[in-house]
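Residue numbers (this note's numbering), protein chains in the order written: chain S, 619 to 1047; chain L, -1 to 249.
Every residue gets a Cβ at the ideal spot worked out from N, C-alpha and C, and that includes glycine.
Right under this line is the structure:
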């Protein structure tokens, strides 16, 4: 008959122990302990009838799938095995012990006295099956274990593999580099990564894989495990896997989705690609006279912007409005957002009047444009300039009359005091 | 001006004539900056009756009570170069005492600036105190001998008198000569300012700079031209800060 044992430890003895065991009997003990434990069995006493390969009386220790040991006799010989001081460990949480005696027991063998206990299984050190071991970190505890992941990873629902949250990668720049997670380290398992390149309509995105391209593949079946797929509008490229990178991909679209799938096994380095968005080209530009275009490029394409500025002393003139700089942009249809403006020389305009003074132009044509000069002077001899300045003003690049001492302030004519034109005839004695 | 001589036209272009609407002059003054006239405070209020000797606003002249004429030479006749100017504001020195003539100084702001020319030019303000023994020129259209008024602007050239000497000369008359005053004249009398010259300029020449500057303004004296009765003037340098503060002026 069978005895079911579910405790975490216990004792098993042959029938009638410590007296001799009866003949022609068979007892099975089925020990079951919780998952995460195994069973350790050791004998305190063992005394059975010996026989060649234990064909008469024996104790057999087994699991569901295999016989762990068969004992008989009083000591180990080349044909019989006794447990001695050895322990028997079950690989899993189940162990079955069967005691059998045949019809004779004249020598009154006393049988056995054994103890068993549940011992923790350290899944972290013992797990050979890569399929079942922790992906990153394994933490053993009495009765079980759990897996954890490196920072930035998430434990998959299989509680074993580590994946990354990589489903919301958005790229909006005109160029960029995209890689599998943790590249060039092996990419995480059980991950579904999405990368979106989203640009303004008018751009065309092209992809170029670089460096290593290493995605788990299968010799016969196309990418059954891990793969990368590219989608742009109705077009789809891939799935790609293996070690040969795809050629450059010109999507002809401004919006591209990249999907990367990895299953829960394998150690592959992954992939890296760079993308570039170009748009329609706009016609070459000629800088305005007395001006320049920045940046100066041989070609301009959609979204490229240029800044037109003028040389010192000149202002950008657009629709009769003066400004320091003017920006135009290459539109998606390959035309410029505006025509190139002209550069107008800064004009300081007629200089303001000076109280008790006058302004003179050194040039006959009384120029008031950039770098022209005027001279303020006071009504001599009745007024004198307050500051020690020449009164010379130059039209600055900002369109303001500037003096090297007074800046943009006009001079001040102060009345000359105490110097009459007429002096007393020398009457002083 | 007692015992003076007619001033040469254009040699005193800073002098201002304060005159009633009937054009009769009642005081002198000096143009400073482009639109200020320095004169005597006692020119700008009614005479006080002896009982109540404090000054009331009602005693003050208002800007419309008088005008200022620049470029004058003749006392009554018109001058081709004269410029009649109306008055915008009057500022009496805050410490002016009508009984003792202390800080007998006033500033008149002109409603418009005169046109400066050979006959109209401001006088400079003093940069420092007057040195001992300086000789000054005092000008005015005030009374001469026998109470007669001159035809034209008159002037005298007199020495500055030591402050202590002047104080001692007036002590017997119980008159105080304070630090804001300066005296000038001859010990034996003779040349002096007189009624009608009040507020007018006392100037001296800064030889180094070749510039005339205002030393004082005609203020008071006992009689005119008497022996030991020096002319007493309001000392400009003493009150220069106040003048600069009110006028915002700089030479």
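- Task: Determine, using beta carbons only, whether residue 1039(S) comes closer than 8 Å to chain L.
- Result: yes
- Message: Helix, strand or coil for residue 622(S)? Go by DSSP, reduced to three states.
- Response: strand
- Item | Nearest residue (CA-CA) to residue 823(S), options 835(S), 891(S), 764(S), 770(S) | 891(S)
- Query: Just curious, the alpha helix (DSSP H) that residue 245(L) is in, first and last residue?
  - Reply: 238 to 245
- At least one CB of chain L closer than 8 Å to the CB of residue 996(S): is that the case? no
- Return the Cβ separation of residue 627(S) and residue 732(S) in integer angstroms, given the expectation that the two are a contact with Cβ distance under 8 Å. About 12 Å separates the CB atoms of residue 627(S) and residue 732(S); that is not less than 8 Å, and the two are not in contact.
- Message: Quick check on residue 162(L): does DSSP put it in helix, strand or coil?
- Response: If DSSP states are grouped into helix, strand and coil, residue 162(L) belongs with the helices.
- Taking only beta-carbon atoms, is residue 1028(S) less than 8 Å away from chain L? no
- If you scan the stretch 859 to 936 of chain S from start to end, which runs of the beta strand (DSSP E) of 3 or more residues do you find wholly inside it? Those beta strand (DSSP E) runs which fall completely within the stretch 859 to 936 of chain S and span 3+ residues are 873 to 880, 888 to 897, 909 to 912, 923 to 928, 932 to 936.
- Message: When you compare the CB of residue 243(L) with every CB in chain S, is at least one pair closer than 8 Å?
- Response: Closer than 8 Å: no.
- Message: Tell me which residues of the stretch 916 to 944 of chain S have at least one Cβ-Cβ distance to chain L shorter than 7 Å, keeping chain order.
- Response: none
- Message: By the three-class DSSP mapping on this structure, what secondary structure does residue 979(S) have?
- Response: coil
- Query: For residue 145(L), which of helix, strand or coil comes out of DSSP?
  - Reply: helix
- Task: Using a Cβ cut-off of 8 Å (strictly closer), state whether residue 1035(S) contacts chain L.
- Result: yes
- Anticipated Cβ contact below 8 Å, residue 884(S) with residue 834(S), distance rounded: Separation of the CB atoms of residue 884(S) and residue 834(S) is rounded to 4 Å, and the pair is thereby assigned contact status at 8 Å.
- Query: Helix, strand or coil for residue 40(L) per DSSP?
  - Reply: In this structure, DSSP gives residue 40(L) a helical state, which the three-state scheme calls helix.
- Does the stretch 903 to 917 of chain S come close enough to the stretch 865 to 883 of chain S that 3 or more CB-CB pairs lie under 8 Å? Too few Cβ pairs lie closer than 8 Å, so no.
- Through-space distance from residue 225(L) to residue 151(L), alpha-carbon basis: 24 Å
- Are the beta-carbon atoms belonging to residue 83(L) and residue 114(L) less than 8 Å from one another? no
- Task: Starting from the C-beta of residue 760(S), find all residues in its chain whose C-beta is less than 7 Å away, skip the five residues before and the five after it, and write them out in chain order.
- Result: 738
- Message: List, in chain order, every chain L residue whose beta-carbon is nearer than 7 Å to that of residue 1042(S).
- Response: 6, 9
- Within the 8 Å Cβ cut-off, does residue 988(S) reach chain L? no
- As assigned by DSSP and simplified to three states, the class of residue 184(L): coil
- Task: Can you check DSSP and say which residues form a bridge with residue 1019(S)?
- Result: 1013(S)
- Determine the direct distance from the alpha carbon of residue 672(S) to that of residue 695(S), and round the result to whole angstroms. 11 Å
- Exposed or buried, residue 750(S), counting other C-beta atoms within 10 Å across all chains shown (16 or more means buried)? A residue is called buried once 16 or more other Cβ atoms fall within 10 Å of its Cβ, and residue 750(S), having fewer, is exposed.
- Message: On the DSSP letters alone, give me the boundaries of the beta strand (DSSP E) that residue 991(S) sits inside.
- Response: 991 to 996
- Item | Helix, strand or coil at residue 104(L) according to DSSP, with G and I counted as helix | Strand, per DSSP.
- Spatial neighbours of residue 955(S) in its chain, beta-carbon cut-off 8 Å, leaving aside the 5 residues before and after: 946, 947, 948, 949
- Message: When you compare the CB positions of residue 91(L) and residue 240(L), do they come within less than 8 Å of one another, or not?
- Response: yes
- Query: Which partner residues of residue 827(S) appear in the DSSP bridge assignment?
  - Reply: 891(S)
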